[in-house]
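A.B. asks: Protein sequence lines correspond, in order, to chains A and B.
Take the first sequence: its position 105, counting from 1, is numbered 140 in the working numbering, and each next residue is one higher.
Take the second sequence: its position 114, counting from 1, is numbered 149 in the working numbering, and each next residue is one higher.
Protein chains: 2
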Amino acid sequence: MGSPLPRDPIADAQRNWERHGWGEVAAPMAAITAIMRTQQILLARIEGVLKPFGLTFARYELLALLSFARSGALPMNKASALLQVHPTSVTNAVDRLEKAALVVRSPHPTDGRTTLIELTAEGRTLAKRATTALNNEVFGQSGFGDDDVEHLIRVLGDFRKAAGDFTD
Amino acid sequence: MGSPLPRDPIADAQRNWERHGWGEVAAPMAAITAIMRTQQILLARIEGVLKPFGLTFARYELLALLSFARSGALPMNKASALLQVHPTSVTNAVDRLEKAALVVRSPHPTDGRTTLIELTAEGRTLAKRATTALNNEVFGQSGFGDDDVEHLIRVLGDFRKAAGDFTD
DNA sequence: TCCAAACCCTTGGATGTCCTAGTATATTGC
DNA sequence: GCAATATACTAGGACATCCAAGGGTTTGGA
Numbered sequence: 036m037g038s039p040l041p042r043d044p045i046a047d048a049q050r051n052w053e054r055h056g057w058g059e060v061a062a063p064m065a066a067i068t069a070i071m072r073t074q075q076i077l078l079a080r081i082e083g084v085l086k087p088f089g090l091t092f093a094r095y096e097l098l099a100l101l102s103f104a105r106s107g108a109l110p111m112n113k114a115s116a117l118l119q120v121h122p123t124s125v126t127n128a129v130d131r132l133e134k135a136a137l138v139v140r141s142p143h144p145t146d147g148r149t150t151l152i153e154l155t156a157e158g159r160t161l162a163k164r165a166t167t168a169l170n171n172e173v174f175g176q177s178g179f180g181d182d183d184v185e186h187l188i189r190v191l192g193d194f195r196k197a198a199g200d201f202t203d
Numbered sequence: 036m037g038s039p040l041p042r043d044p045i046a047d048a049q050r051n052w053e054r055h056g057w058g059e060v061a062a063p064m065a066a067i068t069a070i071m072r073t074q075q076i077l078l079a080r081i082e083g084v085l086k087p088f089g090l091t092f093a094r095y096e097l098l099a100l101l102s103f104a105r106s107g108a109l110p111m112n113k114a115s116a117l118l119q120v121h122p123t124s125v126t127n128a129v130d131r132l133e134k135a136a137l138v139v140r141s142p143h144p145t146d147g148r149t150t151l152i153e154l155t156a157e158g159r160t161l162a163k164r165a166t167t168a169l170n171n172e173v174f175g176q177s178g179f180g181d182d183d184v185e186h187l188i189r190v191l192g193d194f195r196k197a198a199g200d201f202t203d
C-alpha cells in the first residue's frame, strides 16, 4: 500500500498521548493500536494466500470449522457461535460457499428452525489444500518467536476470557 | 452477540491442528487467530464508545491524527500513509467527516494534485471529547497488565517493522 | 390446549477495506 | 519545450461485519 514510513506511527502516537497529559493510558493505547494494525497485516497475508483458492478468510474459517466437525456438518447458529461472528455473517459466507458448491444447506432433522451446513467433497478437498497453504506460507512463517507465540496465546487468551468469549 | 462458550474455540482449533499432524504450526496459528479475535473485541468496544459521538474508529483515527498535526491539516496521501490504509479509505472517511462538518477539504497551496484535510473547530472539539471517552472507557481499562502491555508493544512492534511498516 | 415468548435464519441497509480504473497535475528526461 | 512517467484523488465494485426487522418454528406457562 505504501513504502515503509521513516518512523513508527504508533510510537509517535504514544508520544503524542504522553505529551498531552494522557501518559497513564498511552501504553495501552499503543498496544491496542498495534493489535489492530497487526491484525490488518496478518489478514492481508492470509487473504493473499487464499485468493488462488477462490476463498476469503471468512469462508475459509467456516470451511475449516466444518472439516473438523465429526459429521462434516454444523447448524448455522453453532457455526456463528464458534466463529464468534454475527449470524448474518454466516448467512453471507454460506451463500457464497454454496454457490461455489463447497457446502450445502440441509434442513435439521428434528428442529424446523435450524439449517445445517454440510461440507461437500470438493469443499473438504479445498479446505485441506487451503490449510496446507496457510500452514506453509503464513502460520509456519509468522515471524513470531516461540516464546512470543506462547506469551501471545496466554495474554490474549486471558483477555478473550475476561471479555466473555468463553468460560472454560 | 452470544453467551460465552463452554470452551475456548481457539484452543480447540489448536488441538485440532495438532491432532492432524500440523503440530509444528499449531501454536502460531492459535496466536494469529487470537490476534484476529482480540482485534474484533477491541474494535467493538471502541465503536461502542464512539457511537454517541457519531464517530466510527476509522473517522476517529483521522480526526485524532489531524488534531496532532501542527497546523491541524494534512494532505490526504500523508494521512493514508500514517494511518496505513488505502487512499480510497481516506476518501471515504473524509467524505463523511466533511458531511458532518468536522473537517474541510482545501486545495494544496503549491501542488494541484494534493488535497488538504483540515480540522474545523467542531472537529477539534469532538476529537478531544472522543479521546477522553476512549481513554477512560477503553485504554484505561484494557484489561492487560502493565508487563503484558510492554510485551505486546515490543513483540508487535518488531512484527510490524519486519512486515515493512516502518524503517526507524 | 393454546398463545406468547424465545429462537433461527434471511433480507435490507450502513460502514469500512481493498482493488481497478480514470482524470488531473507534476516531474523527468530527451 | 514536450512527451513519457509518476503521483494524487475519486468513482465503482466486491466482500465482510454489524444492526434492525420480518417470517417461520418451538417451547413453555396459564
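Every residue, glycine too, gets a C-beta built ideally from N, C-alpha and C.
In this text, all values refer to a predicted model and were calculated from it rather than measured experimentally.
Would you mind reading off the limits of the beta strand (DSSP E) that contains residue 141 of chain B?
C.D. replies: 138 to 142
A.B. asks: Which residues of chain B have a Cβ atom closer than 8 Å to the Cβ of residue 88 of chain A, listed in chain order?
C.D. replies: Simply none; closest approach about 17 Å.
A.B. asks: Within a Cβ cutoff of 8 Å, which residues of the same chain sit near residue 83 of chain A, ignoring the five residues on either side of it in sequence?
C.D. replies: none
A.B. asks: What residues are listed by DSSP as bridge partners for residue 150 of chain B?
C.D. replies: B/142
A.B. asks: Work out the CA separation of residue 67 of chain A and residue 64 of chain B for me, nearest whole Å.
C.D. replies: Rounded to whole angstroms, the separation of the alpha carbons of residue 67 of chain A and residue 64 of chain B is 20 Å.
A.B. asks: Check for me: the beta strand (DSSP E) holding residue 110 of chain B runs from which residue to which?
C.D. replies: 108 to 110
A.B. asks: Please classify residue 38 of chain A as buried or exposed, where buried requires at least 16 other C-beta atoms within 10 Å of its C-beta.
C.D. replies: Exposed is the label assigned to residue 38 of chain A, since fewer than 16 other Cβ atoms lie within 10 Å of its Cβ.
A.B. asks: Assign residue 166 of chain A to buried or exposed, taking buried as 16 or more other Cβ atoms, counted over all protein chains shown, within 10 Å of its Cβ.
C.D. replies: buried
A.B. asks: List the residues of chain A that residue 65 of chain B touches, going by C-beta distances under 7 Å, in chain order.
C.D. replies: By Cβ distance, chain A contributes 188.
A.B. asks: Any Cβ of chain A within less than 7 Å of the Cβ of residue 158 of chain B?
C.D. replies: no
A.B. asks: Classify residue 177 of chain B: buried if its beta carbon has 16 or more other beta carbons within 10 angstroms, exposed otherwise.
C.D. replies: buried
A.B. asks: By alpha-carbon positions, which one of B/149, B/201, B/163 and B/180 ends up nearest to residue 207 of chain A?
C.D. replies: The structure shown does not extend to residue 207 of chain A, since chain A is modelled only from 36 to 203, so the question has no answer here.
A.B. asks: Helix or strand or just coil, what does DSSP make of residue 117 of chain B?
C.D. replies: Residue state, collapsed to three classes: helix.
A.B. asks: Given that residue 43 of chain A touches chain B, what residues does it touch there, using C-beta distances under 8 Å?
C.D. replies: Residues of chain B passing the Cβ test: 192, 195, 196, 200, 201 and 203.
A.B. asks: Quick one: what does DSSP say residue 132 of chain B is sitting in, helix, strand or coil?
C.D. replies: Residue 132 of chain B sits in a helix when the DSSP states are folded into three classes.
A.B. asks: Short of 9 Å Cβ to Cβ, which residues in the region 172 to 187 of chain A face chain B?
C.D. replies: 173, 174, 175, 176, 177, 178, 179, 180, 181, 183, 184, 185, 186 and 187
A.B. asks: List, in chain order, every chain B residue whose beta-carbon is nearer than 9 Å to that of residue 143 of chain A.
C.D. replies: The premise fails here: residue 143 of chain A is roughly 19 Å from chain B at the closest Cβ pair, so nothing lies under 9 Å.
A.B. asks: If you count every other CB in all the chains shown that lies within 10 Å of the CB of residue 96 of chain A, and 16 or more means buried, which is it?
C.D. replies: buried
A.B. asks: Is the separation between the beta-carbon of residue 138 of chain A and that of residue 154 of chain A shorter than 7 Å?
C.D. replies: yes
A.B. asks: Is DSSP giving residue 201 of chain B helix, strand or coil here?
C.D. replies: strand
A.B. asks: Alpha carbon to alpha carbon, how far is residue 50 of chain B from residue 161 of chain B? Give it in angstroms, no decimals.
C.D. replies: 47 Å
A.B. asks: Spell out whether any CB of chain A is found under 7 Å from the CB atom of residue 154 of chain B.
C.D. replies: no
A.B. asks: Start and end of the alpha helix (DSSP H) containing residue 71 of chain B?
C.D. replies: Counting along the chain, the alpha helix (DSSP H) containing residue 71 of chain B begins and ends at 58 to 85.
A.B. asks: Roughly how many angstroms lie between the CA atoms of residue 132 of chain A and residue 93 of chain B, to the nearest whole one?
C.D. replies: 30 Å
A.B. asks: Can you say whether residue 115 of chain B is buried or exposed, counting buried as having 16 or more other CB atoms within 10 angstroms of its CB?
C.D. replies: buried
A.B. asks: Look at the Cβ atom of residue 43 of chain A, then the Cβ atom of residue 201 of chain B, and state whether they are nearer than 7 Å.
C.D. replies: yes
A.B. asks: What span of residues does the alpha helix (DSSP H) with residue 167 of chain B cover, start to end?
C.D. replies: 156 to 172
A.B. asks: How should residue 171 of chain A be labelled, buried or exposed, when 16 other C-beta atoms within 10 angstroms of its C-beta is the threshold for buried?
C.D. replies: exposed
A.B. asks: Along chain A, in chain order, which residues have C-beta atoms closer than 8 Å to that of residue 39 of chain B?
C.D. replies: 199, 200, 201 and 202
A.B. asks: Can you tell me whether residue 40 of chain B is helix, strand or coil according to DSSP?
C.D. replies: DSSP places residue 40 of chain B within a strand segment (E or B) once states are collapsed to three.
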